[in-house]
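Worksheet: the structure to be examined is printed underneath.
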Amino acid sequence: MSGEAPAASIPTRLGGPLVAIAAMAAIFAVAPFVGIYPVFLMKALCFALFACAFNLLIGFGGLLSFGHAMFLGTAGYVCAHAAKEWGWPPEAAILLGTAASAALGIVTGLVTIRRQGIYFAMITLALAQMVFFFYLQTPFTHGEDGIQSVPRGMLLGALDLRNPLTMYYVVLVIFLAAFLLIFRVIRSPFGQVLKAIRENEPRAISLGYDVDRYKLLAFVLSAALAGLAGATKAIVFQLASLTDVHWTMSGEVVLMTLLGGMGTIFGPVVGAFVFVSIETYLSAGLTVFGYTFGAQWVPVLTGFIFVICVLAFRRGIVGEIGAWWDRVKR
Amino acid sequence: MTIFGIPTQALFGQLLIGLINGAFYAMLSLGLAVIFGLLNIINFTHGAQYMLGAFCAYFLLQFAGMGYWWALLIAPLVVGAVGIVIERTMLARLYKLDHLYGLLLTFGLALILQGLFTNYYGSSGLPYQIPPELSGGINLGFMFLPKYRAWVIIASLAVCLGTWFVIERTKLGSYLRAATENPALVQSFGIDVPRMVTLTYGFGVGLAAFAGVMAAPIYTVNPQMGANIIIVVFAVVVIGGMGSILGAVITGFGLGVIEGLTKVFYPEASNTVIFVIMVIVLVLRPAGLFGRER
Chain A
6 MSGEAPAASI PTRLGGPLVA IAAMAAIFAV APFVGIYPVF LMKALCFALF
56 ACAFNLLIGF GGLLSFGHAM FLGTAGYVCA HAAKEWGWPP EAAILLGTAA
106 SAALGIVTGL VTIRRQGIYF AMITLALAQM VFFFYLQTPF THGEDGIQSV
156 PRGMLLGALD LRNPLTMYYV VLVIFLAAFL LIFRVIRSPF GQVLKAIREN
206 EPRAISLGYD VDRYKLLAFV LSAALAGLAG ATKAIVFQLA SLTDVHWTMS
256 GEVVLMTLLG GMGTIFGPVV GAFVFVSIET YLSAGLTVFG YTFGAQWVPV
306 LTGFIFVICV LAFRRGIVGE IGAWWDRVKR
Chain B
183 MTIFGIPTQA LFGQLLIGLI NGAFYAMLSL GLAVIFGLLN IINFTHGAQY
233 MLGAFCAYFL LQFAGMGYWW ALLIAPLVVG AVGIVIERTM LARLYKLDHL
283 YGLLLTFGLA LILQGLFTNY YGSSGLPYQI PPELSGGINL GFMFLPKYRA
333 WVIIASLAVC LGTWFVIERT KLGSYLRAAT ENPALVQSFG IDVPRMVTLT
383 YGFGVGLAAF AGVMAAPIYT VNPQMGANII IVVFAVVVIG GMGSILGAVI
433 TGFGLGVIEG LTKVFYPEAS NTVIFVIMVI VLVLRPAGLF GRER
C-alpha cells in the first residue's frame, strides 16, 4: 500500500531492531512463568507468525492477499494427516505441511501475480474459496469434523511435546527463527527490490528487474511461512479444521496486520496478540450493562476494528508509536 | 426422453436454476462494476447489502403488512439510502488513499452487518412467501416452469438492460462515463461530481437490495446469504473484466448456466467450476473477457 509510506518507520541502523527482537524473545521466554497460559501464548505465536508472513507480502510487496487462509489451512491438513495417519514425527509433518503450502503458493502465485491491487485481492479470495470447497468435499479432511486428536509426538525423537511447556518453547523457537528470516529478507537486496516494486512498478521494470519473478518469490515465501504457522498450529491444538481455510480467517490475518501496523516489523506480532486476547476474552463471555457478549460477537467486533483502523488508525499500533517516537526525537 | 444420457427434465431443471443464479450474479456484478467505475472501490459490503434487501422485505411484511411488490420498490430505496450515508460519512474520506483501504473498510462493514443479523436471527433462514400472483407454474411440455422463476429471469434482464441503456445511451450516463475517465475535467465543466459519486453508490447498493428482495422467496431470508455469493460474484467480475456493462451481464448469466450444467454432468465440481474458469481466463486473458488494462 503506497498511501502512507509505512517503510519510514524502519530505522536504518541495525542495532535498534536487533535489541528489540532480543527483548521480545526474552519476554516470550519468561511469559509462561508470570502466569500467562502456554496455550494462549502458543495460539498467539502461531497467529503472529501467520500475520508476519502476510505482512511480508502487503507491507513490503504491496500485495493485499485476501486468501492467505488457504496456506494456513493446507499446511494444517497435510501436517495433521502425516502425523496422524502416516505416523510421521512432528518435525517431518510440519516440514511436509510447509512444503505443501509452498507448492500451493507456486501454483496460485503464477495466476495471481498477473493482476495487481484490488484484482489481486479478489483473485486470491476466489482461489482460497476454491481451495475451501476442495477441502469441504475431499474425504481425507473429514469435512465438518476436521482431523481430530492429532498426536503431538516426540520432536527429533527426544523432546516429548505432550508437555505443554516443552511444546511452548518449540513453538517459540519456530516463531523466532521465522521472524529472524523475515527480518533478514526485508533487509536483503531482495527486500529492497520488493519495496521498489511496491513504490513504483514501472520504474522497477525499467531498471531491469524481473518484477514477476520477485513477486512470485515473495508470494511463495509468504505462503510457506503461513504454512509453517498452520502446520505448527495443527500440532499444538492437535486439530486441523475448516475454520483455518475459511475466508473469515483470511480476513482476520488482514485485521491483525492492519491493527498492529502494516509494513512494520513488530506490528503483526502486536496485532496478533491483541486480536487473540480479544477473542479469548469474548469466548469466556464479557458482560457489559447486564448483557453478556460471547464468542458470536467476534465477527462484529472484528468489523468495527476494521472500520476504525481504516478511518482513523491506518498506521496501526506499532506504526503510531513509531510516528510518535519520531516526533519526540525531533 | 434423454440428452447425452441425462433425463431432459433434470437437464432443463438445472439449466433453469443456472439461469436464476446467473440472474443474481449479473445484477450483483453489474452493481459492483458501476460502483467500481466511478469510485474505484470494490464494494465488499455488496453481499451484505443484498442480504439487507431481503431482510427489508421480511420486515416490511412482518411489521407493516406490506407485500412483495411494495418491498421491491421500498427496499432498494431504504438500503440505497443507508448506502448513501455510508458513502458520505466513511467512503468519501478514503478517495485520496490507496484503493485497498476502500476494500478493507467495506469488508469491515460487511462483517458488522452479517454478524449483527446472524446474532439476532440465527443462520437457519426465515421463510418468505412467493407473491400469490406468481405462485404456480406453466407446463411447457418438456419441463415445468415455476412462474416466479420466470419472473426473476425476465425482471433481472429488464433491470440489467435498463441500467445499460441509462449508462450508455442517455445524457446522464454520458456524464457518468466521462467522470469515470476524468473526474477533474468533468467537474470543471460545472457538473457536481461528488454528488454523482454518492448517487452512483446509492444506485449500486439499491441494485443489490433489489436482487435481495427477488432472492428472498427462492433462497429464504438468511443473514449469510450475501457472504457466499459475493465471493463468486468477485470471480465473475474478474472473469468478465470491469470494462463493460453488457460484459458483466453476459458473464453473469453465462457463468450461472455453466454452473447449472456442471451440476448435471459433474456435480462434485459445481462449487468450484466458476473459480476454475477464472484461473483459465487469467492465464489466457489477464484483463478479463470484456475488460481492458487500466
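Protein chains in written order, with the working numbering: chain A, 6 to 335; chain B, 183 to 476.
From the three backbone atoms N, C-alpha and C, an ideal C-beta is built for every residue, glycine too.
Query raised in the report: Under the three-state reduction of DSSP, which class applies to Val155(A): helix, strand or coil?
Result: Indexing the first sequence from 1 puts residue 155(A) at position 150. Val155(A) falls in the coil class under three-state DSSP.
Report task. With hydrogens ignored, establish whether the beta-carbon of Tyr310(B) is closer than 7 angstroms to any heavy atom of the ligand SAH. Result -> Among the ligands in the structure shown, none appear at all, so the ligand SAH cannot be discussed.
Query raised in the report: Quick one, are the C-beta atoms of Ser255(A) and Phe71(A) less than 8 angstroms apart?
Result: What you label residue 255(A) is simply residue 250 of the first sequence in a count that begins at 1. What you label residue 71(A) is simply residue 66 of the first sequence in a count that begins at 1. Against a cut-off of 8 angstroms, the Cβ pair of Phe71(A) and Ser255(A) comes out as a contact.
Query raised in the report: Rounded to the nearest angstrom, how far is the Cβ of Ala401(A) from that of Ala98(A), given a contact under 8 angstroms?
Result: This structure does not reach residue 401(A), given that chain A is present from 6 up to 335, and the question cannot be answered.
Requested in this report: Please report the Cβ distance between Ile152(A) and Leu244(A), rounded to the nearest whole angstrom; I am assuming they are in contact, meaning their Cβ atoms lie under 8 angstroms.
Outcome: Residue mapping note: residue 152(A) aligns to position 147 of the first sequence, counting from 1. Residue mapping note: residue 244(A) aligns to position 239 of the first sequence, counting from 1. Between Leu244(A) and Ile152(A) the Cβ distance is about 7 angstroms, and since that is below 8 angstroms, they are a contact.
Query raised in the report: Residues of chain B with a CB under 9 angstroms from the CB of Thr307(A): which are they?
Result: Within the first sequence, numbered from 1, the residue matching residue 307(A) stands at position 302. Here the neighbours are Gly290, Leu293, Ile294, Gly297.
Query raised in the report: Which residues mark the beginning and the end of the beta strand (DSSP E) in which Leu322(B) is found?
Result: Mapped onto the second sequence, residue 322(B) falls at position 140. Element bounds for Leu322(B): n/a, residue is neither H nor E.
Query raised in the report: Fully enclosed by the stretch 107-167 of chain A, which alpha helix (DSSP H) runs are 4 residues long or longer?
Result: 122-142
Report task. Take the Cβ of Asn168(A) as the centre, count every other Cβ of all protein chains shown within 10 Å, and call the residue buried at 16 or more, exposed below. Result -> The count along the first sequence starts at 1 and reaches residue 168(A) at position 163. By the 10 Å Cβ count, Asn168(A) comes out exposed.
Query raised in the report: Taking the runs of the beta strand (DSSP E) that are 3 residues or longer, which of them lie wholly in the stretch 379-408 of chain B?
Result: none
Query raised in the report: Run through DSSP, which three-state label would Pro468(B) get?
Result: To locate residue 468(B), count along the second sequence from 1; it is residue 286. Coil at Pro468(B), not helix or strand.
Query raised in the report: Looking only at C-alpha atoms, which of Gln406(B), Gln191(B), Phe416(B) sits nearest to Thr300(B)?
Result: Taking the first residue of the second sequence as 1, we reach residue 300(B) at position 118. The candidate whose alpha carbon is nearest that of Thr300(B) is Gln406(B).
Query raised in the report: DSSP on Thr297(A), reduced to helix/strand/coil?
Result: Locating residue 297(A) in the first sequence gives position 292, where the first residue counts as 1. DSSP places Thr297(A) in strand when its eight states are reduced to three.
Query raised in the report: Is it true that the stretch 36-51 of chain A meets the stretch 206-216 of chain A, where meeting means three or more beta-carbon pairs spaced less than 8 angstroms apart?
Result: no
Query raised in the report: Comparing alpha-carbon positions, which option in Val368(B), Gly195(B), Leu389(B) lies nearest Leu259(B)?
Result: Walking along the second sequence from the start, residue 259(B) turns up at place 77. Ranking Val368(B), Gly195(B), Leu389(B) by Cα distance to Leu259(B) puts Leu389(B) first.
Query raised in the report: Closest to Leu161(A) by CA distance: which of Val175(A), Leu170(A), Glu204(A) is it?
Result: Indexing the first sequence from 1 puts residue 161(A) at position 156. For Leu161(A), the nearest C-alpha among the options comes from Val175(A).
Requested in this report: Could you name each continuous beta strand (DSSP E) segment of 3 residues or more that falls completely within the stretch 267-354 of chain B, going from the start of the chain to the end?
Outcome: 319-321, 326-328
Report task. Write down the C-beta distance between Ile320(B) and Lys329(B) rounded to the nearest angstrom, noting that I regard them as a contact closer than 8 angstroms. Result -> Sequence index remark: in the second sequence, residue 320(B) carries index 138 (1-based). Sequence index remark: in the second sequence, residue 329(B) carries index 147 (1-based). Indeed they touch by this definition, with Cβ atoms about 7 angstroms apart.
Requested in this report: Determine the closest residue to Leu198(B) out of Ile266(B), Arg331(B), Val368(B), Leu381(B), with distance taken between C-alpha atoms.
Outcome: Position 16 of the second sequence, counted from the start, is the residue given in the question as residue 198(B). Checked all of Ile266(B), Arg331(B), Val368(B), Leu381(B); the closest Cα to Leu198(B) is Arg331(B).
Query raised in the report: Taking the continuous alpha helix (DSSP H) assigned at Gly442(B), which residues delimit it?
Result: As a working mapping, residue 442(B) is identified with position 260 in the second sequence. Element bounds for Gly442(B): 427-447.
Report task. Can you give me, in chain order, the residues of the stretch 190-205 of chain A that have a beta carbon less than 8 angstroms from any beta carbon in chain B? Result -> none
Query raised in the report: Relative to the alpha-carbon of Asp249(A), which residue among Leu226(A), Ile179(A), Asn60(A), Ala234(A) has its alpha-carbon at the smallest distance?
Result: Your numbering for residue 249(A) matches position 244 in the first sequence. Closest option to Asp249(A), Cα to Cα, is Ala234(A).
Query raised in the report: Thr362(B) by DSSP, collapsed to three states: which one?
Result: Within the second sequence, the letter at position 180 stands for residue 362(B). In this structure, Thr362(B) counts as helix in the three-state DSSP scheme.
Query raised in the report: Listed in chain order, which residues of the stretch 114-138 of chain A have Cβ atoms closer than 7 angstroms to some Cβ of chain B?
Result: Val116, Arg119, Arg120, Gly122, Ile123, Tyr124, Ala126, Met127, Ile128, Leu130, Ala131, Leu132, Gln134, Met135, Phe138
Query raised in the report: With a Cβ-Cβ cutoff of 8 angstroms, do Gly284(B) and Leu276(B) count as a contact?
Result: Taking the second sequence and counting its residues from 1, the one referred to as residue 284(B) is at position 102. Taking the second sequence and counting its residues from 1, the one referred to as residue 276(B) is at position 94. In this structure, Leu276(B) lies closer than 8 angstroms to Gly284(B) by Cβ.
Query raised in the report: Where does Val190(A) sit, in a helix, a strand or coil, going by DSSP?
Result: Looking up residue 190(A) in the first sequence gives position 185. Val190(A): helix per DSSP, three-state reduction.
Query raised in the report: Are the C-beta of Leu161(A) and some C-beta of chain B separated by less than 8 angstroms?
Result: Numbered from its first residue, the first sequence carries residue 161(A) at position 156. No, no contact with chain B.
Report task. Determine, using beta carbons only, whether Ile460(B) and Cys342(B) come nearer to each other than 8 angstroms. Result -> Taking the second sequence and counting its residues from 1, one reaches residue 460(B) at position 278. Taking the second sequence and counting its residues from 1, one reaches residue 342(B) at position 160. A quick correction: the sequence has Met, not Ile, at residue 460(B). The answer is no: Cβ separation not under 8 angstroms.
**Report entry** CB contact below 8 angstroms: Gly256(A) versus chain B
**Finding:** As a working mapping, residue 256(A) is identified with position 251 in the first sequence. Yes, because at least one Cβ of chain B sits closer than 8 angstroms to the Cβ of Gly256(A).
Report task. Mind listing the chain A neighbours of Arg301(B)? Cutoff is C-beta to C-beta under 8 angstroms, in chain order. Result -> Taking the first residue of the second sequence as 1, we reach residue 301(B) at position 119. It is Asn, not Arg, that sits at residue 301(B) in the sequence shown. Neighbours of Asn301(B) on chain A, chain order: Gln301, Trp302, Val305.
Requested in this report: Report buried or exposed for Asn364(B), applying the criterion of at least 16 other Cβ atoms within 10 angstroms of its Cβ.
Outcome: As a working note, residue 364(B) is residue 182 in the second sequence. Per the 10 Å Cβ criterion, exposed.
Report task. Measure the CB-CB distance between Ala138(B) and Leu220(B) and report whether it falls below 8 angstroms. Result -> Because residue 138(B) is not part of the residues shown, which for chain B are 183 to 476, the question remains open.
Requested in this report: Identify, in the order they occur along the chain, each residue of the same chain with its Cβ nearer than 6 angstroms to the Cβ of Gln301(A), setting aside the five sequence neighbours on each side.
Outcome: Along the first sequence, read from residue 1 onward, the residue named residue 301(A) stands at position 296. Within the same chain, Gln301(A) has no close Cβ partners at all.
Report task. Report the three-state DSSP secondary structure of Thr269(A) (helix, strand or coil). Result -> Stepping through the first sequence from its first residue, residue 269(A) is reached at position 264. Correct three-state label for Thr269(A): coil.
Requested in this report: With distances taken Cα to Cα, identify the nearest neighbour of Phe55(A) among Leu291(A), Trp329(A), Glu257(A).
Outcome: Reading the first sequence from its first residue, position 50 is the one you call residue 55(A). If we check each option's Cα against that of Phe55(A), Glu257(A) comes out closest.
Query raised in the report: Does Arg275(B) have its Cβ less than 8 angstroms from a Cβ in chain A?
Result: Numbered from its first residue, the second sequence carries residue 275(B) at position 93. So, interface residue.
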